[in-house]
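Asker: Supplied in structure tokens, the structure appears directly below.
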Amino acid sequence: MGDFMGDFMGDFMGDFMENSVENFGEVLSQCPLFDGIETSGLNSMIACMDGKITDVAKGNPVFLEGDPARFAGVVLSGTVQVVREDYYGNRSIMSILQPGELFAEAFSFAGLGTMPVSVIAIQDSKVLLLDCGRILTFCSDSCHFHSLLMKNLLRGMAQKNLTLSRKIRYMSQKTTQEKLMAFLLDQAKQHKSTEFVIPYDRQALADYLGVERSAMSSEISKLKKSGQIDTKGAWFRISN
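In this note's numbering, the protein residues as written are 17 to 256.
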């Protein structure tokens with residue numbers, strides 16, 4: 017019995033320490049939601065928002081379309097993607113999120129009852145879930161950083177609107193090649209280099225641009241053959 021309890025408590029404490037907010041202070045400091053908030057204040061703020069860390073295995077959902085739109089999430093480790101499906105099951109990737117990035121906050125703040133998208137782990141991931149109702153409601157202790165949190169939240173949502181506008185611009189191009197080149201040229205501009213690595217594999221890039229993978233692969237081959245680009249996997253180089 018003693019050995020059993022010792023093993024149990026050891027496993028429990030190991031899981032507790034692994035999923036402790038203190039272990040992710042550096043990642044959380046990179047999240048725009050916590051910009052300007054001292055590391056020492058993160059614990060009390062996350063507790064104020066009833067924050068909980070959850071493990072999500074690769075391929076499993078953080079949220080599914082139709083789930084209650086109650087929580088916002090911060091990726092602590094791994095990678096997740098936001099996916100929308102139409103009536104026929106055609107998938108469109110809205111975004112891919114890395115550690116430190118915030119997601120799903122807009123749906124709750126927009127007053128939606130349920131999630132209009134799914135959020136799926138594409139690697140084994142850890143996610144911090146925050147109760148959006150707690151974010152919008154000032155706590156009884158008049159949390160010192162709450163007004164800064166709200167300012168960060170509004171700025172982050174405005175930046176996401178700009179990102180969405182960029183995607184709409186890609187998808188509004190007439191041909192698959194024009195969509196692809198608009199995306200690649202923006203990537204070169206963001207990386208300030210003609211060589212860069214994109215955050216998508218080929219299927220995910222096709223889903224993001226709203227095109228067929230086979231058609232996109234054909235255009236990539238044509239561009240590579242003509243010398244306009246070079247590529248291998250997620251690595252691209254645009255010819256001057």
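Ideal placement from N, C-alpha and C gives every residue a C-beta, glycine not left out.
What does the alpha-carbon distance come out to for the pair residue 40 and residue 200?
Answerer: Rounded to the nearest angstrom, the two C-alpha atoms are 33 Å apart.
Asker: Tell me which same chain residues have a C-beta within less than 6 Å of the C-beta of residue 104, skipping the five on either side of it?
Answerer: none
Asker: Taking the beta strand (DSSP E) that residue 111 belongs to, which residues open and close that run?
Answerer: 107-113
Asker: Assuming the contact rule is C-beta atoms closer than 8 Å, residue 89 and residue 120 should be a hit. Round their C-beta distance to whole Å, please.
Answerer: 5 Å
Asker: When the Cα atoms are used, what is the spatial distance from residue 94 to residue 189?
Answerer: One C-alpha to the other measures close to 32 Å.
Asker: Taking the DSSP output, what are the residues bridged to residue 89?
Answerer: 119, 145
Asker: For the beta strand (DSSP E) containing residue 252, name the first residue and the last one.
Answerer: Residue 252 -> beta strand (DSSP E) spans 251-254.
Asker: Do residue 223 and residue 86 have their C-beta atoms within less than 7 Å of each other?
Answerer: no
Asker: I think residue 196 touches residue 235, with their Cβ atoms under 8 Å apart; what is that distance to the nearest whole Å?
Answerer: 6 Å
Asker: Since residue 137 sits in a beta bridge, which residues does DSSP pair it with?
Answerer: 96
Asker: So, residue 61 versus residue 122, is the Cβ gap smaller than 7 Å?
Answerer: no
Asker: For the beta strand (DSSP E) containing residue 50, name the first residue and the last one.
Answerer: It is not in any beta strand (DSSP E) - residue 50 carries neither H nor E in the DSSP assignment.
Asker: Could you check the C-alpha separation between residue 130 and residue 116 for me, to the nearest Å?
Answerer: 24 Å
Asker: Under 7 Å, do residue 113 and residue 99 count as touching if we go by C-beta distance?
Answerer: no
Asker: Look at the alpha carbon of residue 80 and the alpha carbon of residue 242, and state the distance between them as a whole number of angstroms.
Answerer: 42 Å
Asker: Are residue 138 and residue 77 touching if we call contact CB-CB under 7 Å?
Answerer: Going by C-beta atoms, residue 138 is not nearer than 7 Å to residue 77.
Asker: At the level of alpha carbons, what is the spacing between residue 217 and residue 171?
Answerer: A straight line joining the alpha-carbon of residue 217 with that of residue 171 spans about 29 Å.
Asker: Under the three-state reduction of DSSP, which class applies to residue 43: helix, strand or coil?
Answerer: helix
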